[in-house]
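In terms of my numbering, the sequence shown is residues 0 to 223.
Before any comments, here is the structure.
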Amino acid sequence: MKGQGISLSVADNGPGLSEGIRRHLFDPFFTTKVDGRHLGLGLPTAMGIVQNHKGHLRFRDNPGGGALFELFFLSLTESSQESAKDLCEAPFRGVEKESKVLVIDDEELVRDFLDDLLQEAGYQTLLAANGKEGLDLFLDQGGQIGAVLLDIKMPVMDGKETFRELHARDPRLPVFLISGYAQNGEVQELLDKGALGFIHKPFRIEEVLTKIGGSHCQANLCSS
Numbered sequence: 000m001k002g003q004g005i006s007l008s009v010a011d012n013g014p015g016l017s018e019g020i021r022r023h024l025f026d027p028f029f030t031t032k033v034d035g036r037h038l039g040l041g042l043p044t045a046m047g048i049v050q051n052h053k054g055h056l057r058f059r060d061n062p063g064g065g066a067l068f069e070l071f072f073l074s075l076t077e078s079s080q081e082s083a084k085d086l087c088e089a090p091f092r093g094v095e096k097e098s099k100v101l102v103i104d105d106e107e108l109v110r111d112f113l114d115d116l117l118q119e120a121g122y123q124t125l126l127a128a129n130g131k132e133g134l135d136l137f138l139d140q141g142g143q144i145g146a147v148l149l150d151i152k153m154p155v156m157d158g159k160e161t162f163r164e165l166h167a168r169d170p171r172l173p174v175f176l177i178s179g180y181a182q183n184g185e186v187q188e189l190l191d192k193g194a195l196g197f198i199h200k201p202f203r204i205e206e207v208l209t210k211i212g213g214s215h216c217q218a219n220l221c222s223s
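Here it is as structure tokens:
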């Protein structure tokens, strides 16, 4: 990889990874855990974050035994710093920080991730494990909800039915669909009916914040 930048290596001295595991290492929801509590989103999420920052993440065998992950980020050029400054100075468009973001997803780790991310960005959050819980929260909160992050595949009440119920009550409510599957006909149908956007899992942090807020910049860039 050419260019000036910074590299970071993380290694262990364990037994390493088999060829079968390597092939799926960065696939969403792939996990070797059998306890049912691990979603297999750690490495795919890390890859998404690294790629979103124009970096590289790769795996190889550790020469001393075990696994070795290497990250590389190019240094910011003057033009990229100016672009970041322009982004930070752009007028805010999107959900007001005083409004609440309703997260509806049946995976607890996904809810917790989005909860932490959105609260760190200054938003208030409401969390629901299925569409019915989400609809109940929406009805209870009245007009305080500024946007919804809605998973497609859920038990009790799936995303399609939930969107229909939300949209019938407030056609102007910004609803962003989220899914670990690629955008398909079901997603496109909801977009055609008024859903505002689609966010693919594993999430890219800046994509989530850009969708919700309309513009976003990292604190370390804005403060530089």
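Glycine included, each C-beta is placed from N, C-alpha and C at the ideal position.
So, for residue i: in the same chain, excluding its five sequence neighbours on each side, which residues have a beta-carbon less than 6 angstroms away from its beta-carbon?
i	result
G13	G65
Q143	K99
E18	none
H166	G193
DSSP on residue i, reduced to helix/strand/coil?
i	result
H55	strand
A128	coil
G19	helix
G4	strand
D85	Low confidence applies here, because D85 scores a pLDDT of 47, under 50, leaving its location unreliable; read the following figure in that light. Helix, per DSSP.
K159	helix
V174	strand
F202	coil
G196	strand
V94	coil
D139	helix
K152	coil
Which same chain residues, not among the five before or five after residue i, have their C-beta less than 7 angstroms away from its C-beta?
i	result
F71	M0, G4, S6, G54 and H55
N183	none
D105	A128, N129, D150, M153 and P154
Just mark residue i as buried or exposed, buried being the case when its beta carbon has 16 or more other beta carbons within 10 Å.
i	result
P154	exposed
S8	exposed
D60	exposed
I20	exposed
E132	buried
Just to confirm my understanding: we take residue i, look at its own chain, exclude 5 residues before and 5 after, and list those with CB closer than 8 angstroms. What are they?
i	result
G63	A10 and N12
I48	R203 and I204
H52	F72
Any chance the CB of residue i is under 6 angstroms from a heavy atom of the ligand GDP?
i	result
D139	Within the structure as shown, the ligand GDP is missing, as the structure has no ligands at all.
(message) Assess contact between the region 166 to 177 and the region 130 to 150, defined as three or more Cβ pairs (one per stretch) separated by less than 8 angstroms. Is contact present?
(response) yes
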